[in-house]
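Number of protein chains: 2
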Amino acid sequence: MKLLIVGGVAGGASAAARARRLSESAQIILFERGPDVSFANCGLPYYVGGEIAHREKLLVTTPEMLKSRFRLDVRTRSSVEVIDRASRKVRVRDLDSGREYDESYDKLIIATGAAPFRPSIPGADLPGVFTLRNLHDTDEIRARVVGGVKQAVLLGGGFISLELAENCVRQGISTTVVEKNDQVLTPFDKEMTQPIVEALATRGVTLLLGQTAESIQSGPEGLEVCLTTGRRLGAQLVIFGIGVRPESKLAVDAGLEVGPRGGIRVNGHLQTSDPNIYAVGDVIEVKDVVSGDPVQVPLAGPANRQGRIAVDNIFGRPLKYRGTQGTAILGFFDRAAALTGASEKVLRRANRPFRKVYVHPTHHAGYYPGAEVMTLKLLFDPTTGRVLGAQGVGGVGVDKRIDVIAVAIQAGMTVFDLEELELAYSPQFGSAKDPVNMAGFVAGGLLRGEHPQMDVEVLEPDIAAGRLFLLDVRTPQEFASGHIPGAANIPVDELRGRLGELPRDRRIASYCQVGQRGYLATRILLQSGFSAVNVGGGYKTFKLFRPSA
Amino acid sequence: MKLLIVGGVAGGASAAARARRLSESAQIILFERGPDVSFANCGLPYYVGGEIAHREKLLVTTPEMLKSRFRLDVRTRSSVEVIDRASRKVRVRDLDSGREYDESYDKLIIATGAAPFRPSIPGADLPGVFTLRNLHDTDEIRARVVGGVKQAVLLGGGFISLELAENCVRQGISTTVVEKNDQVLTPFDKEMTQPIVEALATRGVTLLLGQTAESIQSGPEGLEVCLTTGRRLGAQLVIFGIGVRPESKLAVDAGLEVGPRGGIRVNGHLQTSDPNIYAVGDVIEVKDVVSGDPVQVPLAGPANRQGRIAVDNIFGRPLKYRGTQGTAILGFFDRAAALTGASEKVLRRANRPFRKVYVHPTHHAGYYPGAEVMTLKLLFDPTTGRVLGAQGVGGVGVDKRIDVIAVAIQAGMTVFDLEELELAYSPQFGSAKDPVNMAGFVAGGLLRGEHPQMDVEVLEPDIAAGRLFLLDVRTPQEFASGHIPGAANIPVDELRGRLGELPRDRRIASYCQVGQRGYLATRILLQSGFSAVNVGGGYKTFKLFRPSA
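Heads up: the sequence lines are chains A and B, in that order. Counting from 1, one number per residue, gives the positions in the first sequence under my numbering. Counting from 1001, one number per residue, gives the positions in the second sequence under my numbering.
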């Protein structure tokens, strides 16, 4: 077996090591265009900011180590330029010497990844304007950062931009994030990003939504980023973080099938349209676990597992890749935002029926010091209760709950299963009713009809049309410090004695701070003959949708 | 519907609140012998040590709140003495007035919990000798702790004792833990408690294993605890934490079925042998999720869920309790030890076939600062790969991995499923290959035969009998700083060139620090025609079994 692997970072390096474990006799050549293999992609922003202090930490392994330990033929600074499928060979260019040569293969794995997109606006290539993909980029950006950059403009409000924002702020750099959409972190639903928007403000990051760069030019402060709104931002460092594109040119040129967004098409065994060629990592199109649709989700975990699975198939172990569910997490200082499975907007776009609940529990027992509030959003099938997706935002413990739900999604569990999860509880770590149980209870109650619910963002037209009586069941103090416009206030503890104040000709939507007292109020009203619903997730959820209300 | 609930803490209080949510018209009476309801049981040790500074934090709810919000008839200081099943009424004693009266019921829920066991040794009732169950106990213990106790003896090495040990140490008290078994935390396998044993030592707690108190007497330092070994320990505070017994006398007297350890027998609907009587919480026998056997597992999470489920059944919603898997966690300062499902000793006792793996990954990417090593032990079915149990010990992130595996167990997942879990990764929160994935990879490889493995604790006889050649594949430096007795050293990177030094007449067991290089060595040896196995979990696992070797 002669196995060639093109690309030596996550998927490629995993594939190469796995191949050697499975076969001592195989000839394995790993081509990498850059000088490094298997570097810590996801750590690059943290080296920029000095959080990771030593560059060598980013080198998960070295070509030398791969050679000595795995007897891999590692060829860095080597670009695979052409695949000749008919004669099963590739044309390789040594980037240092310029020499070109052919290398034959029995099987080939393409793991070329995805490249950050740099738009063709004027000035996009000026010195001081970067994308962040590899150690070379990182070195250059870091040199500027430690060299005294005062202002940075980060174009795009995705994961990498916000990670870079944290690291720029840590270096005392005045930082602006510019995002063309009306929200940061587009895989999330907009309201769930609100706590991150607030954290950006708290940390002094300027966020400009609905805007994009039209051009970049030299200016009095080094660079000047001109936005579509006419605004001009001075900066000495500009980084594009507006998404990545699969580096599939090699595959396209070889006539391999690719999807509409350029990702290489593979079957369940990660085999391309040529049975001798496999592809893994950010360069491929994967199956979305929830929808079954082809999607492109650049993530390190799936890339690593794909490398392993492709090799297993090559060596006669017919494993299947199950698809990607898009589990991801952003850390921004002490805040975390994580998600898994489908978002509400993806479900809407696909016209897939769903219901959703919001809960706002603390990450561990409220009676133990240091409890931090998080918000969990759970999306599920309205008929079967199957969990479709979840998003969490808060501080400590958000990662745990999203991981727990990620497993539930992979297992095909329902919200009724979430109610019954038995998770580790002691006051430092959780609650007798864990946040995930709570989300399950609310969702389960909703589906069982105990707990009819109305989404907070659709109240307004019904209130305006007089179809809905909005009832705030919190204390007068809570009500006074902010409530949903149009609400009347009867605290839940007084509700049973004041039912006469409520209309019987309209539906009553009750709400509290997070949904729990509203739930009890709804139960009281329903059993007293009222038409009643609970406003899902209460006032806290309303504030996610209407932060300035 | 007239519903009586006996016991107002976790299961009872949950049941009462749920009952009101389901029915506004039901008459619900909650009897509680003590003065408090629904207090934070699991927080008591932390109030003793002042970690929870305010006593009112421990009162999750009050009788007044339950009355005003849930219109519950809460009767504290009320002891239910007799159940008259034939006429469906109970005899209640008001503990303050001494008055006795009858109360009839349609349905009755017994939620009397479990009481800490106080053995009948001489002096067990002396002033200064306690058990910890309720706020009254807590107040008395705390009064002593702040009153200047210098030495404390904690009898029993279970969860509560170790939590109390932390809190005594925080108060500067010289603390000794006495445990009659040869390990602390008996739900865990012994080797997995080793890091906790080390943490106890580091924090200055004296641990005496294999010993127990024979008597307690007054002594020069207040109290003197006399151990079976003849040792005498001076103390001003002695607390028994040697397990709990279900408080099922009420049920036994009423002729309800109980199990061999006194737990009330219930069916899947949590109904006792009398269809009008349900029982929930620490007083019942539950079905073990993994083995299906009846067990007694006093845990707050299950108690809360059971309260809910019993009530749902009473109000015509035929839910089933799925059983308990024993998910639990101990925090001891910055250390955590958690488990879920079956332990190795439980599986051995049940003669159930299993395999196991140990992994020692870091809690997040190793290249990001602050990565803490944890040890995970995974137990699984040797034929199907079904996950049977897991234990984790380390620092941050142990809770997350055990929760993830707890979900996998509930979903009936296999180790092959753990390989494919897609968990949230960014360097502060995890790794591209999460610790749970790693455990899955090792276990999956073992079952697929890629990776034959030998358990570290059974090496010795085979080495002594000359049937095994033990090969340490770490670096000479690592070897020199400690290795398994009898091992030869060939670093993995030199192995391919030194195969001639290895015997072909014996099986070769290779090991490294955690198992990964040993795995590669095993693959190299197998493919070179040797009989080879990897020593599971490497030298780090050996040290768990032989800490002083």
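Cβ atoms here follow ideal geometry from the backbone N, Cα and C, with glycine treated the same way.
I need the boundaries of the alpha helix (DSSP H) containing residue i, first residue and last residue.
i, result
"A:Asn313", "300 to 314"
"B:Pro1116", "Note, B:Pro1116: premise wrong, no alpha helix (DSSP H); beta strand (DSSP E) at 1114 to 1116."
"A:Tyr519", "516 to 527"
"A:Gly222", "No alpha helix (DSSP H) holds A:Gly222; the beta strand (DSSP E) holding it covers 222 to 227."
"A:Ile141", "135 to 146"
"B:Gln1325", "Taken as a continuous stretch (DSSP letters only), B:Gln1325 belongs to no alpha helix (DSSP H), as it is neither H nor E."
"B:Gly1011", "1010 to 1022"
"A:Ala408", "398 to 410"
"A:Gly538", "538 to 545"
Could you spell out where the beta strand (DSSP E) holding residue i opens and where it closes?
i, result
"A:Ser215", "213 to 219"
"B:Thr1340", "1335 to 1341"
"B:Gln1027", "1027 to 1031"
"A:Val415", "Counting along the chain, A:Val415 falls outside any beta strand (DSSP E), though it belongs to the alpha helix (DSSP H) covering 415 to 420."
"B:Arg1232", "1232 to 1235"
Spell out whether any CB of chain A is found under 8 Å from the CB atom of residue i.
i, result
"B:Gly1049", "no"
"B:Asn943", "Look at the range of chain B in this structure, 1001 to 1549, and you will see that residue 943 of chain B is not part of it."
"B:Gly1430", "yes"
"B:Arg1071", "yes"
"B:Leu1058", "yes"
"B:Ser1068", "yes"
"B:Glu1344", "no"
Does any residue of chain B have a CB that is nearer than 8 Å to the CB of residue i?
i, result
"A:Met192", "no"
"A:Pro116", "no"
"A:Ser426", "yes"
"A:Ser481", "no"
"A:Gln27", "no"
"A:Met413", "yes"
"A:Ser510", "no"
"A:Leu471", "no"
"A:Cys168", "no"
"A:Cys226", "no"
"A:Leu388", "no"
"A:Arg504", "no"
Looking at C-alpha atoms only, which residue of the options is the closest neighbour of residue i?
i, options, result
"B:Val1387", "B:Gly1497, B:Glu1422, B:Ala1365, B:Leu1339", "B:Leu1339"
"A:Gln236", "A:Ile216, A:Arg75, A:Gly230, A:Ala251", "A:Ile216"
"B:Ala1521", "B:Tyr1539, B:Arg1496, B:Pro1503, B:Arg1504", "B:Arg1496"
"A:Ser87", "A:Arg144, A:Ala254, A:Glu419", "A:Ala254"
"B:Glu1179", "B:Ala1213, B:Glu1140, B:Leu1470", "B:Ala1213"
"A:Gly307", "A:Val6, A:Leu4, A:Leu3, A:Gly11", "A:Gly11"
"A:Val533", "A:Ala26, A:Gln516, A:Arg546", "A:Gln516"
"A:Lys190", "A:Ala300, A:Gln527, A:Ala337", "A:Ala337"
"A:His364", "B:Ile1490, B:Arg1020, B:Gly1301", "B:Gly1301"
"A:Leu227", "A:Lys543, A:Pro122, A:Leu526", "A:Pro122"
"A:Val458", "A:Arg69, A:Ile484, A:Val396", "A:Ile484"
"A:Val37", "A:His54, A:Leu58, A:Glu494, A:Glu51", "A:Leu58"
"B:Gly1392", "B:Thr1327, B:Ser1068, B:Ala1152, B:Asn1489", "B:Thr1327"
"A:Val289", "A:Ile409, A:Leu4, A:Arg69", "A:Ile409"
Using 8 Å for Cβ pairs, my map puts residue i next to residue j. What's the rounded Cβ distance?
i, j, result
"B:Leu1421", "B:Val1436", "6 Å"
"B:Asp1403", "A:Leu162", "Incorrect: roughly 27 Å between the Cβ atoms, too far for contact."
"B:Ser1343", "B:Gly1268", "Not quite, the Cβ-Cβ distance comes to about 25 Å (not below 8 Å), so this is no contact."
"B:Gln1183", "B:Leu1209", "7 Å"
"B:Tyr1278", "B:Ile1109", "5 Å"
"A:Arg544", "A:Ala509", "As written in the sequence, residue 544 of chain A is Leu, which differs from the Arg given in the question. Actually they do not touch by this definition, with Cβ atoms about 17 Å apart."
"A:Leu66", "A:Val74", "5 Å"
"A:Glu166", "A:Phe332", "5 Å"
Within the segment 1163 to 1199 of chain B, ranges of the beta strand (DSSP E) (whole runs, at least 3 residues)
List check, beta strand (DSSP E) in window: 1174 to 1179.
Would you mind listing the beta strand (DSSP E) stretches within the segment 1078 to 1128 of chain B that are 3+ residues and don't spill past its ends, in chain order?
DSSP runs (the beta strand (DSSP E)) wholly in the segment 1078 to 1128 of chain B: 1078 to 1084, 1089 to 1094, 1100 to 1104, 1107 to 1110, 1114 to 1116.
Would you mind listing the beta strand (DSSP E) stretches within the segment 1440 to 1513 of chain B that are 3+ residues and don't spill past its ends, in chain order?
Taking only runs of at least 3 residues, the beta strand (DSSP E) segments lying wholly in the segment 1440 to 1513 of chain B are 1468 to 1472, 1507 to 1511.
Which full runs of the beta strand (DSSP E) of 3+ residues lie inside the segment 257 to 305 of chain A, going along the chain?
Those beta strand (DSSP E) runs which fall completely within the segment 257 to 305 of chain A and span 3+ residues are 277 to 279.
Contained alpha helix (DSSP H) runs [length at least 4] in the segment 1052 to 1079 of chain B, N- to C-terminal order
Along the segment 1052 to 1079 of chain B, the alpha helix (DSSP H) occurs as fully enclosed runs of 4 or more residues at 1063 to 1070, listed in sequence order.
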